[in-house]
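FYI, in this note's numbering the residues of the sequence shown are 1 to 226.
A short worksheet on the structure shown next.
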Amino acid sequence: MGNHGGGSELVRVDLDGHLLPISGLQHLAFCPRQWGLIHLEQLWTENRLTVEGKQLHERADLPGQSQRERVRSVRGMWLRSEKLQLFGRADVVEFSPVPYPVEYKRGKRKPNDCDAVQLCAQALCLEEMLAIPIPRGAFFYGDPRRRLEVLFTAALRTRTAELAGEMHRLFDSRTTPAAQPGPHCRNCSLVDLCLPNRTDTAHASASWLSRQVTTLSREPAGQDPF
Ligand code: SF4
């Protein structure tokens, strides 16, 4: 994780200025601070994984259509949802005729739901745009090279909508969340920019200072809390 397209979808972009990129949901689900660093502070660093991921997406993103038996595949389809205030682009949507979003990912399946919320958001956009229920979609992972189907359950839909709401709240506050260091930092492409242990310490210091100020303001006059 930690991969993202970099560059083109980093800000709230649309005519009314109220839509945020779907790609931010996977960053937020992975780590709120990573989302803030990418989408608020516009920080980005390439590494081998991100370059490979971007190349994979560039290949899948080439707009176009193809037909195989009864399945029409649309590549690079633009999506938007007014309900969730999201926009983005699907790697591939297969119409058979029910729409079936397919997202290409380098590497293995993740042990978290970051990818699933991104795909579910695509389905929610398609449902709103086409007024048709979309029960499932799929990932195509590079290692091993195979499809993995995802069911858009009620729980996944709720989680996706909640994350979209949280993303808008964070965007409106323009506040990059504090680091929450953990094993996930090992897979984060921004670890050298984030410095999670140092920022966590800084956050802890700020919290400690804030607590001391609160305590001090409650102390009766003449006492020294230190
Ligand atoms: S290094 Fe860790 S805390 Fe910092 S952005 Fe990455 S995952 Fe989040």
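Idealized CB from N, CA, C, for every residue including glycine.
Close Cβ partners of residue i (< 8 Å) along its chain, the five nearest in sequence each way excluded
i     : result
ARG33 : THR176, PRO177, ALA178, ALA179, GLN180, CYS194, PRO196 and THR199
GLU82 : GLU128
Rounded separation between residue i and residue j - CA only
i      : j      : result
LEU130 : THR153 : 19 Å
PRO99  : MET167 : 26 Å
LEU170 : ARG106 : 28 Å
ALA238 : LYS110 : The shown model of the chain, from 1 to 226, leaves out residue 238, and the question about it has no answer.
ARG159 : CYS114 : 11 Å
HIS39  : SER189 : 14 Å
HIS27  : GLN42  : 13 Å
VAL191 : ARG174 : 21 Å
TYR141 : ASN112 : 15 Å
VAL44  : HIS184 : The sequence given here places Trp at residue 44; Val does not occur at that position. About 17 Å.
LYS108 : VAL74  : 24 Å
Close beta carbons around residue i, own chain, < 7 Å, minus the five adjacent residues each side
i      : result
PRO101 : ALA90, VAL93, LEU119, GLN122, ALA123, LEU126 and GLY137
TRP116 : The residue you asked about is not Trp; residue 116 is Ala in the sequence shown. For ALA116, where only same-chain residues beyond five positions count, the Cβ hits under 7 Å are VAL150 and LEU156.
Nearest-angstrom beta carbon gap, residue j and residue i [assumed within contact, 8 Å]
i      : j     : result
LEU20  : LEU86 : 6 Å
LEU163 : LEU25 : 5 Å
ILE22  : GLY88 : 3 Å
Close Cβ partners of residue i (< 6 Å) along its chain, the five nearest in sequence each way excluded
i      : result
ARG72  : PHE95
GLU103 : ASP91, LEU119 and PHE139
HIS18  : GLN85
**Report entry** Validate contact between the stretch 129–142 and the stretch 92–102 using beta carbons, cut 8 Å, 3 pairs
**Finding:** yes
**Report entry** Heavy atoms of ligand 1 versus C-beta positions, residues under 6 Å
**Finding:** CYS31, ARG33, GLN34, LEU37, ALA179, GLN180, PRO181, HIS184, CYS185, CYS188, LEU190, VAL191, CYS194 and PRO196
Query raised in the report: Is it a yes or a no for the stretch 141–152 touching the stretch 61–77, going by three-plus beta-carbon pairs under 8 Å?
Result: no
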